[in-house]
Structure formats: structure tokens, C-alpha cells
Amino acid sequence: MPIENYIFLSIALFAIGVTGVLTRRNVIIIFMCIELMLNSVNLLLVAFSKMHYLANSATNPAAGTEAQLFVFFIMVVAAAEVCVGLAIIVMLFRNTHSVDVNFLSRLKH
Numbered sequence: 478m479p480i481e482n483y484i485f486l487s488i489a490l491f492a493i494g495v496t497g498v499l500t501r502r503n504v505i506i507i508f509m510c511i512e513l514m515l516n517s518v519n520l521l522l523v524a525f526s527k528m529h530y531l532a533n534s535a536t537n538p539a540a541g542t543e544a545q546l547f548v549f550f551i552m553v554v555a556a557a558e559v560c561v562g563l564a565i566i567v568m569l570f571r572n573t574h575s576v577d578v579n580f581l582s583r584l585k586h
């Protein structure tokens, strides 16, 4: 499959994620959209890694593995972010009985 298809898919997923973050008010949906954006970046990194591997596989057998390692670390950080974020959301829901982003502005005072 050509690299352009991966690029278009990644751009579409990232655009859906940005649109969801900017338009939604539910914190759980916002977290899902952030994860969608991270996964679109991961898809693009793996696609470019594959392209780099195919171009340099004859001269360097380890070509393209750096991006895949970077994707692994992004996935680990995203999993940690989800754990912390969901813990905060659960505590917020227990105290306020709402997961609306606009309701969070009341916590300032």
C-alpha cells in the first residue's frame, strides 16, 4: 500500500480527534479523542518507519526500528495518561456527579 494512503488516514483520524476535543463537553469523550490523535501519530510514525526500512533494508538491517521504539514509548505514556486521567474523572464524578467540562470552572472558587 502506498505511503499516501497512510498519510491521508492519519490526517483524517487526527482531524476527527481535534474536532472532538474542541466540540465535546464530556471529559471521557475528550480523553478518547486525545487517544485517537495519539494513535494517528503512531500510525504515521510506523508508516514512515516502514518506508524508511524498505528504502534502506539492503544497507542497514536495523533501519526503521527507531520510530517503532518511539511508538512503543508513546503508547506507554498514553496508557499512564489514561490511568491518571480516569482516576481524576472518577474522583470528579464522585464529588460533583457530573463529567461536564463547563462544570469544572466552578472548582476555581
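For what it's worth, the working numbering labels the leading residue of the sequence shown as 478, then goes sequentially.
Yeah, the Cβ is synthetic: ideal placement off N, Cα and C, and Gly gets one too.
Quick caveat, the model's predicted, so the values are computed rather than measured.
Pull up the distance between the alpha-carbon of residue i and that of residue j, whole angstroms please.
i	j	result
proline 479	asparagine 537	22 angstroms
glutamine 545	leucine 569	36 angstroms
isoleucine 551	valine 576	26 angstroms
alanine 524	alanine 492	18 angstroms
Nearest CA to the CA of residue i: which residue from the options?
i	options	result
alanine 489	Thr573, Asn516, Arg502	Asn516
serine 487	Asn503, Val504, Leu513	Leu513
leucine 521	Ile506, Val548, Ile566, Ile511	Val548
leucine 527	Ala557, Asn579, Glu481	According to the sequence shown, residue 527 is lysine rather than leucine. The shortest C-alpha separation from lysine 527 is found at Glu481.
tyrosine 483	Val504, Ile506, Asn519, Ile505	Asn519
Quick one: what's got a C-beta closer than 6 angstroms to residue i's C-beta in the same chain, skipping five residues either side?
i	result
phenylalanine 508	Gly562
cysteine 510	Gly494, Gly497, Val498
Locate the alpha helix (DSSP H) running through residue i, then write down its first and last residues.
i	result
threonine 536	Looking at the DSSP string, threonine 536 is not in any alpha helix (DSSP H), and its letter there is neither H nor E.
phenylalanine 485	480-500
Quick one: what's got a C-beta closer than 7 angstroms to residue i's C-beta in the same chain, skipping five residues either side?
i	result
alanine 555	Glu512, Leu515
Excluding the 5 residues preceding and the 5 following residue i in the sequence, name in chain order all residues of the same chain whose CB lies nearer than 8 angstroms to its CB.
i	result
histidine 574	none
Q | Contact between the segment 495-504 and the segment 541-555 (3+ Cβ pairs under 8 angstroms) | A | No, the segment 495-504 does not touch the segment 541-555.
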